[in-house]
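2 protein chains.
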Amino acid sequence: MLHIETKHTNITEGFWHKRQKINKQVTIKAVQDRFLETGRYDALDFDNEKIPHIFYDSDVAKWIEGVSFTLYKERNAELEKFIDNLVDLIEKNRSDDGYFNSHFLRKPEERWKNRSDHELYCAGHLMEAAVEYYKATGKDKFLKLMQDYADYIYKVFVIEDSAAFKTPGHEEIELALVKLYDVTKNEKYLELSKYFIDTRGTIEEPYILEKYNHYNIQDHLPVRRQKTAEGHSVRAGYLYSGMADIARKYNDTELFEACKTIFSNIVNKRMYITGGTGSSHLGEAFTLDYDLPNSKGYAETCAAIALAFFAQRMLLLEQDSVYSDTVERIIYNGMLSGISLDGKAFFYENPLEIQPVLNNRNVSTTFTERNPITQRKEVFSCSCCPPNVMRFIGALNEYIYSYEQDTLFINQYMSSDMKYENIQAVMKTDFPSSGNVSIKIENITRIAIRKPYWCMDIDIKVNGKIAEYTLEKGYIYIGLTEKNNAIDVKMDMPVRLVRSNPKVHEDSKKTAVMRGPVVYCAEGIDNDFPLNQILFDEKCEYRLEKSKDLDADILILKVKIPKESDELYTYKPFEYINKELTLVPFYCFANRGETEMRVWL
Amino acid sequence: MLHIETKHTNITEGFWHKRQKINKQVTIKAVQDRFLETGRYDALDFDNEKIPHIFYDSDVAKWIEGVSFTLYKERNAELEKFIDNLVDLIEKNRSDDGYFNSHFLRKPEERWKNRSDHELYCAGHLMEAAVEYYKATGKDKFLKLMQDYADYIYKVFVIEDSAAFKTPGHEEIELALVKLYDVTKNEKYLELSKYFIDTRGTIEEPYILEKYNHYNIQDHLPVRRQKTAEGHSVRAGYLYSGMADIARKYNDTELFEACKTIFSNIVNKRMYITGGTGSSHLGEAFTLDYDLPNSKGYAETCAAIALAFFAQRMLLLEQDSVYSDTVERIIYNGMLSGISLDGKAFFYENPLEIQPVLNNRNVSTTFTERNPITQRKEVFSCSCCPPNVMRFIGALNEYIYSYEQDTLFINQYMSSDMKYENIQAVMKTDFPSSGNVSIKIENITRIAIRKPYWCMDIDIKVNGKIAEYTLEKGYIYIGLTEKNNAIDVKMDMPVRLVRSNPKVHEDSKKTAVMRGPVVYCAEGIDNDFPLNQILFDEKCEYRLEKSKDLDADILILKVKIPKESDELYTYKPFEYINKELTLVPFYCFANRGETEMRVWL
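Residue numbers (numbering that gives the first Met the number 0), protein chains in the order written: chain A, 0 to 600; chain B, 0 to 600.
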């Protein structure tokens, strides 16, 4: 299957248009300012002797990539000049063999010495940036520099085998090389990517750091034999994405099966309801099946993004809605919570419960337990997430449509237009506010519309008539006989009470609330009663309201809570009183100051 | 009110007789062997130059005290010789001014320099040991040595004010001095105790260690103004016990009111259902109202014991069953869980939930989260709990009866006999197996029987006739007209489902099970299904069985659990299936190897 690239689509209005606008008008500048302040761009200027952090190149690269996605529709001389200058610095300062790394060029004796030092990770992000900048602007200098770099890496790792390690300590370059192949058609890059993937876990390589083991970097087994998602969840997500890419490029069914097994392990046993993964901050890692702690949950923004990458690549291998449903779960929840509504501040970790009072738990000592941060920050010392959110929102266009033979797939619901070869589509929807979507479509004989997992009742009309369809792997297939077709989709979107698998011990007897793809949460600021003994009614009476201060649909649910009591322990069943519970979308939490927050109620 | 001392009572059979027998026959020797191995007794021998730990004296002292309680009924030449030798070493090695501390006599320049160094704490424990050894054996050498020591401490702290601190960094000596006064009638010891109590928190003194603040050692405020239980929970319990002692000795109502306020804060907001306190391992401390985490709960064995001390002293100030109920809650649960059924191994911390699988949570790193230990140990480097349990069980006799004017109070139900002046009582019961108690009593005109908080229905006959009684503050008062009276008490003891206050966020929608005073728990070894989504029926159908391997009454409850499912998240309400849930008393947990355990289900 073919994914339809950014250049062929526009997000034209609605939920994501608003966010892409903020991304373009606010976030690019906000991240740029913070990166200027923290010397991230200066790292590329070798007049500056300060040795930059080992991953500054990747921060700059993701920012360039994020900018690139906005340049398809509207070029920007100022930003391009800024980027071109950075590219010039790379050209000027790279070594003759094509190598560029702002940290190790200043410590040349350590080049390719330490597997933990993110060298190949930075290289991968630079390649991705170069590819997208080239595709958006046609300028090929950066791309050529990165081709040289990739050629050199091929030489060092495949031909000479001269580095102190054989595969990256932080995966990323695997998927980047596939992108580089896509624009250059140089098979060496595919081969190099496949080499990294197939070599991983087949030989004893150094741990990345003393405190970590092979699981943390997914080289505990050859990747084809891995059955569970392990270790650092961002590394994992990038690796699995690369594996899916290579499976597709080489039509490698064994690798595809390994990807399926791992994907299934994630979404059935190791993923938060928000699409977040990596439930421990120790190693930023996956832990055990069903171990999904809420307040201690890590669920890094980058890990959600990496899982979306993986899911989207799996969708291109197999038209099953489990993949596009997962993308949807992530983009409306665990990814989007990573950025503030104003587009300026970011969460690195995205816990499902915040109780600010527990920050005062250790009243008698200055020791503190690790509690999640309660407010978004504008920059982090390890600031991978802000530019990652920025580039991800910029590239959301690519998640909407895909195409195979005679069929156009509608994977995500966003107001958009699309032109690919002679196919044209225009989608209008106020999704996720409602489940009403109208699609005008031209020159295609079959359409496949994802039926979301949360939707029990879907009604589809083609040119005003109820459509006949077949449902396969979550997609509704409809043959089209006209040249121009108007398709109207109505999906029911009631408020739904969600239970987690009984094996998830942290969610025992708790309930989460969703409407459509949006996970809701309760914040203390809206609710003046304890949020941990709420009784929900299965009938789930609710009102939907527009929030006064959050630019979001909020929910008011009729619930019962126990009467206040002085007793610490009681033999008497609680007496309940009626209350109205206000819920806001999870992606909105912590936009109104520090307050309690819970997803599982 | 008067408490009736060990020498006047015998525990004659049943639950606690069995445990006192194990204590005497096994635990004394087991602790002694471990202390011999770890050089605790050697510390007193100054031919040995090794500098002992700052609190080794207190370990030895508690062991001597524990032995002493067994000597009332049966002297033991071998143990006494061992102790007499230790006393001789103290006499030989103490300094001329009466000071004895095995650590600081080897580092004389540091005497009274560091508030954190447990000097007064060790002194207090030595005094308690000396008092009990004297009372049990009549041998007064140790007592006299400790009188000299107390006189010297009085001189240093009250007269000269020459130490680098004014009050103990670890309280304990306050209550010990009251005991010393009780046998010597030297008012100076009371005065010194009162001095430490009233000076505490009135002047700026050093923290005990850099990482701790004044809350940790309860000197954030003058004690009379303290309203909440704060800081290190063992220190706190000992301090509050000393405060209650002084309130009683001086008839000090202001101090008594402070004690009441703190006691109420503990039992209504900061105490586990097991009677454990101190919910954080960081500072081994109280935290916040209603902050009672289960698996991370600390609930040190010594803290439970210290709270029992406090409760018993409050009972002597005010005949209110809240105090004796609290003692009961502790002795059948949070104290008794501290020792294995065979009497050889101990828990320092007593969490209410253990999930051994979570010890494997951090598969990809060697970093680990702090998880509670899952099995009892024979000795700890900080081994305060083992001899504390030993001395506590040895002295349980003192918790049964108390006396005031014309009234004999029955505070705890244990098969026992008692003689005090011309009063005699013989109690027979298989409590806590049943609530049937018969008491034969002589030469008293009024009896007051505690009606436990868990008992809704009590039936009392005096000499075969239903008794008329008045109920006041949880005690049933019955006038007796005969010289000899046979009193039969029948308390209902059904299985009860317990809820915690909705503000205890960790116990949201969870249920604990109690029968009489005994808190039950589920262990993985008995139940082959997830323990976190159990539905209890309010009717609570159950069978009581004798355990095959635990020497305890176990419960089999009819419950429902959700059907197994592959889905991680579901919109469908669970379908439930019937199961039998096996519960064992909390005090029995972890006696059959490592397995999951939960109190709150």
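Note that the Cβ used here is the ideal one computed from N, Cα and C, for glycine as well. What you are looking at is a predicted structure, and each value in this text was computed from that prediction instead of being measured.
Euclidean distance between Cα positions of residue i and residue j
i	j	result
R312/A	E397/A	11 angstroms
A511/B	L549/B	20 angstroms
Y400/B	T469/B	19 angstroms
K72/B	I576/A	58 angstroms
A394/A	S67/A	9 angstroms
E579/A	Q532/B	26 angstroms
I438/B	T5/B	19 angstroms
E186/A	D160/A	19 angstroms
I338/A	V378/A	11 angstroms
N113/A	A29/A	33 angstroms
N264/A	V488/A	32 angstroms
L254/A	V155/A	25 angstroms
I465/A	I459/A	6 angstroms
K259/A	A235/A	14 angstroms
T444/A	I477/A	9 angstroms
M389/B	G296/B	23 angstroms
A303/A	G515/A	19 angstroms
Helix, strand or coil at residue i according to DSSP, with G and I counted as helix
i	result
G168/B	coil
F535/B	strand
G137/B	coil
I372/B	coil
F408/B	strand
V182/A	helix
G342/B	coil
K559/B	strand
A424/A	strand
D527/A	coil
T16/A	Residue identity check: residue 16/A is His in the sequence provided, not Thr. DSSP places H16/A in helix when its eight states are reduced to three.
C381/B	coil
M492/A	coil
Y601/B	Lying outside 0 to 600, the shown extent of chain B, residue 601/B is not represented and no answer is given.
N396/A	helix
Among the options, nearest to residue i - alpha-carbon criterion
i	options	result
M145/A	S363/A, K134/A, E127/A, K343/A	E127/A
D181/A	N212/A, I207/A, Y133/A	Y133/A
S604/A	Y412/A, R375/A, E593/A	Absent from the structure is residue 604/A, since the part of chain A shown begins at 0 and ends at 600.
D565/B	R498/A, G523/A, F164/A, P561/A	R498/A
D491/B	N526/B, G478/B, M513/B, R199/B	M513/B
V494/B	R269/B, E537/B, P386/B	E537/B
K106/B	A76/B, H52/B, L88/B, L78/B	H52/B
A551/B	I446/B, P350/B, L582/B	L582/B
E131/A	L88/A, W62/A, K427/A, E12/A	W62/A
K562/B	K559/A, E563/A, V362/A, N500/A	N500/A
P350/B	N267/B, I89/B, N22/B, F588/B	F588/B
Mind listing which residues of the segment 499-515 of chain B have their C-beta closer than 9 angstroms to chain A's C-betas, in chain order?
S499, N500, P501, K502, V503, H504, E505, D506, S507, K508, K509, A511, M513
Chain-ordered residues of the segment 362-392 of chain A with a beta carbon less than 8 angstroms from chain B
V362, S363, T364, T365, F366, T367, E368
Taking only beta carbons into account, state which residues of the segment 228-250 of chain B come closer than 9 angstroms to chain C, listed in chain order.
Judged by its chain identifiers, the structure shown contains no chain C, and its protein chains are A and B.
In the segment 278-295 of chain B, which residues sit with their C-beta less than 7 angstroms from some C-beta in chain A, listed in chain order?
S279, L281, G282, A284, T286, L287, D290
Listed from N- to C-terminal order along the chain, which residues in the segment 529-551 of chain A have their beta-carbon within a distance smaller than 8 angstroms of any beta-carbon of chain B?
P529, N531, Q532, E537
Does the pairing of the segment 310-327 of chain A with the segment 417-429 of chain A give three or more beta-carbon distances under 8 angstroms?
no
Cβ contact (3+ pairs, closer than 8 angstroms) linking the segment 20-28 of chain A and the segment 79-89 of chain A:
no
Using a Cβ-Cβ cut-off of less than 9 angstroms, list which residues of the segment 566-588 of chain B approach chain A; keep chain order.
E566, L567, Y568, T569, Y570, K571, P572, F573
Proximal residues, the segment 187-220 of chain B versus chain A, C-beta separation under 7 angstroms
K210, Y211, N212, Y214, N215
Listed from N- to C-terminal order along the chain, which residues in the segment 474-498 of chain B have their beta-carbon within a distance smaller than 8 angstroms of any beta-carbon of chain A?
R495, L496, V497, R498
Chain-ordered residues of the segment 264-277 of chain B with a beta carbon less than 9 angstroms from chain A
V266, N267, K268, R269, M270, I272
Give the residues from the segment 307-336 of chain A that approach chain B closer than 9 angstroms (Cβ to any Cβ), ordered along the chain.
none
Three Cβ pairs or more, each shorter than 8 angstroms: is that satisfied between the segment 287-307 of chain A and the segment 206-222 of chain A?
no
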